[in-house]
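In this text, residue positions in the sequence shown follow numbering that gives the first Met the number 0: the first is 0, and each later residue adds one. Ideal Cβ positions, reconstructed from N, Cα and C, are used throughout, including at glycine. Values in this document were obtained by computation on a predicted structure and should not be read as measured data. Please read the structure below before turning to the comments.
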Amino acid sequence: MTHPATPVRTPLPPSALAGLDLADPETHARHDLSDIWRTLRAEEPVHRHRAAGSAPAFWVVTRFADATEVYLSPDRFTSERGNVLASLLQGGDSASGVMAAVTDGPRHRDLRRVLLKAFSPRALTGVVEKLEKAGNDLVAAAVGRPECDFAKDVAGQLPLQAICDLLDVPEKDRAFLLGLTRTALSSDEPDQSPFDVWQARNDILAYFGELAKHRREHPGTDAVSVLATAEVGGRPLTMDEVVANCYSLILGGDETSRLAMIGAALACVEHPDQWQALKSGEASIDTAVDEVLRWTTPAIHFGRTATADTRLNGVPIAAGDIVTVWNASANRDEAAFTAPDRFDLARTPNKHLSFGHGPHYCVGAYLGRAEIAGMLKALRDQVDRIELTGEPRPIYSSMLSGFSSLPVRLVP
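This is the structure in structure tokens:
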């Protein structure tokens with residue numbers, strides 16, 4: 000039986016804003032915050048979020064223009080204390096100054112330069128060539144079956160394959176790492192143990208510690224070898240720096256693309272006109288990729304800390320205040336996008352913030368786009384229509400948005 004596409008999140012009215020806890024994963028798993036974001040953009044685009052429990056208050060930035068100002072001003076809004084609520088509300092990120100994502104200034108520039116060597120289009124040529132075949136094979140295996148879970152059987156495989164190819168992770172270790180990355184950033188259930196999260200993150204770090212040590216002694220052309228043999232300022236990266244940045248790459252390289260692909264399949268069910276636009280060529284793969292990224296916005300926020308007393312959109316912000324930029328809202332800003340609540344695979348221009356902006360723009364953006372493109376091409380070429388056969392299950396995370404399960408039938 001085919002199920003109609005139904006909302007899995009309950010819309011929250013603007014009146015719920017006073018009691019809202021944006022740091023609670025259940026808020027994002029159970030509720031559609033579109034009306035909240037719309038109200039904040041119109042009435043209070045730089046909003047003071049209440050303190051909850053032992054966690055401090057923080058600023059919520061919802062407009063596109065203000066979001067880009069924060070991203071472009073690392074001197075005023077630094078990543079060095081952490082770049083997501085989970086770490087910022089606990090007092091900071093222990094990887095500051097070691098991991099590029101939570102480092103600013105010259106040190107960030109130097110670390111980023113090393114990472115970009117591994118993620119340049121030239122370095123990724125072999126990985127990207129394998130993507131299209133892998134996407135075709137995964138879809139071919141699922142097409143025509145009575146039901147498949149698109150999240151696990153299709154989208155759950157491609158990004159991890161790509162990032163593991165880039166890092167040259169042995170095949171035997173890949174399923175193990177996939178399980179760890181999912182636990183480290185999100186959960187399929189609302190009651191995940193904090194210890195499980197801590198353990199998963201430490202297991203990832205331990206794994207890459209062993210791999211990096213081996214690659215330093217026996218380097219190849221993979222990203223781990225690039226990091227393990229790199230020099231910055233005339234000295235090799237420390238093992239802590241190598242491992243922390245491998246950790247960042249495996250998490251960023253798997254989660255966001257996978258969630259975008261799952262969201263793309265659901266959006267094509269819910270918007271059959273856009274599925275037909277993709278099938279007919281009316282919407283190109285390139286524009287479709289960017290609209291999928293805007294529409295799904297897998298990384299729903301990033302965080303910063305004010306370095307000194309400053310103002311944002313006229314609102315005074317004190318030194319040390321936590322400032323969160325909500326890409327989920329900025330990507331639907333009426334001032335930045337025409338008809339932002341319309342899923343339009345031919346949308347252009349489309350300057351979304353799903354990969355961030357400014358000095359911390361995602362180093363893996365080229366690879367992420369290639370992954371989503373490979374999946375969309377495979378669906379376009381092999382599938383007549385996508386039918387929902389059960390209810391999608393949202394993940395539980397205050398940083399990521401998407402689904403852990405999407406039961407569908409891919410009609411050949």
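Inside the stretch 199 to 278 only - alpha helix (DSSP H) runs reaching at least 4 residues: 222 to 228, 238 to 269
Going by the CB atoms, is the gap between GLY91 and ARG80 shorter than 8 Å? One-based indexing of the sequence shown puts residue 80 at position 81. One-based indexing of the sequence shown puts residue 91 at position 92. Against a cut-off of 8 Å, the Cβ pair of GLY91 and ARG80 comes out as a contact.
Chain-order list of residues whose beta-carbon lies under 6 Å from that of LEU71 (same chain, five-residue window excluded): The residue labelled residue 71 in the question sits at position 72 within the sequence shown. Answer for LEU71: GLY357, listed in chain order.
Determine contact between the stretch 246 to 258 and the stretch 389 to 404, defined as no fewer than three beta-carbon pairs at a distance below 8 Å. yes
Who pairs with SER404 in a beta bridge, going by DSSP? Within the sequence shown, numbered from 1, the residue matching residue 404 stands at position 405. Answer by DSSP bridge pairing, in chain order: ARG392.
Boundaries (first-last residue) of the beta strand (DSSP E) holding ALA100: Working through the sequence shown from its first residue, we reach residue 100 at position 101. Note, ALA100: premise wrong, no beta strand (DSSP E); not H, not E.
Taking GLU128 as part of the alpha helix (DSSP H), name the residues at either end of that continuous run. What you label residue 128 is simply residue 129 of the sequence shown in a count that begins at 1. 124 to 141 is the extent of the alpha helix (DSSP H) around GLU128.
Beta-carbon gap between ALA329 and THR77 smaller than 8 Å: Counting from one through the sequence shown, the residue named residue 329 turns up at place 330. Counting from one through the sequence shown, the residue named residue 77 turns up at place 78. Going by C-beta atoms, ALA329 is not nearer than 8 Å to THR77.
With a Cβ-Cβ cutoff of 8 Å, do LEU265 and LEU405 count as a contact? Along the sequence shown, read from residue 1 onward, the residue named residue 265 stands at position 266. Along the sequence shown, read from residue 1 onward, the residue named residue 405 stands at position 406. Taking 8 Å as the Cβ cut-off, LEU265 and LEU405 qualify as a contacting pair.
Can you find the residues in the same chain that come closer than 6 Å, C-beta to C-beta, to LEU277, ignoring five residues on each side of it along the sequence? Translated into positions along the sequence shown, residue 277 becomes position 278. ALA287, LEU344, ARG379, listed in sequence order.
From GLY143, ILE321, THR296, ILE35, residue whose alpha carbon lies closest to that of ALA307: In the sequence shown, the residue the question calls residue 307 occupies position 308. Nearest of GLY143, ILE321, THR296, ILE35 to ALA307, Cα basis: ILE321.
DSSP three-state assignment for ILE35, whether helix, strand or coil: The sequence position of residue 35 within the sequence shown is 36, counting from 1. Three-state result, ILE35: helix.
Which word fits VAL268, buried or exposed, when buried means at least 16 other C-beta atoms lie within 10 angstroms of its C-beta? Residue mapping note: residue 268 aligns to position 269 of the sequence shown, counting from 1. By the 10 Å Cβ count, VAL268 comes out buried.
Cβ-based burial, ASP340 [other Cβ within 10 Å; buried from 16]: Translated into the one-based positions of the sequence shown, residue 340 becomes position 341. Exposed, because fewer than 16 other Cβ atoms sit within 10 Å of the Cβ of ASP340.
Using only the alpha-carbon positions, how far apart do ALA99 and GLN275 sit? Along the sequence shown, read from residue 1 onward, the residue named residue 99 stands at position 100. Along the sequence shown, read from residue 1 onward, the residue named residue 275 stands at position 276. Taking the straight line from one Cα to the other gives about 41 Å.
Outcome for GLN89 when other beta-carbon atoms lying within 10 angstroms are tallied against a minimum of 16: Counted from its first residue, the sequence shown places residue 89 at position 90. By the neighbour-count rule (16 or more Cβ atoms within 10 Å), GLN89 is not buried but exposed.
Bridge partners of ARG47, per DSSP? Residue 47 sits at position 48 when you count from the first residue of the sequence shown. Its beta-bridge partners are TRP58.
What are the complete alpha helix (DSSP H) segments, minimum 4 residues, inside the stretch 155 to 183? 157 to 166
Bridge-paired residues (DSSP) for PRO315: Here residue 315 refers to the residue found at position 316 of the sequence shown. In DSSP, PRO315 forms a bridge with ARG310.
Between PRO393 and ASP148, what straight-line distance do the alpha-carbon atoms span, to the nearest angstrom? In the sequence shown, the residue the question calls residue 393 occupies position 394. In the sequence shown, the residue the question calls residue 148 occupies position 149. Roughly 13 Å separates the two Cα atoms.
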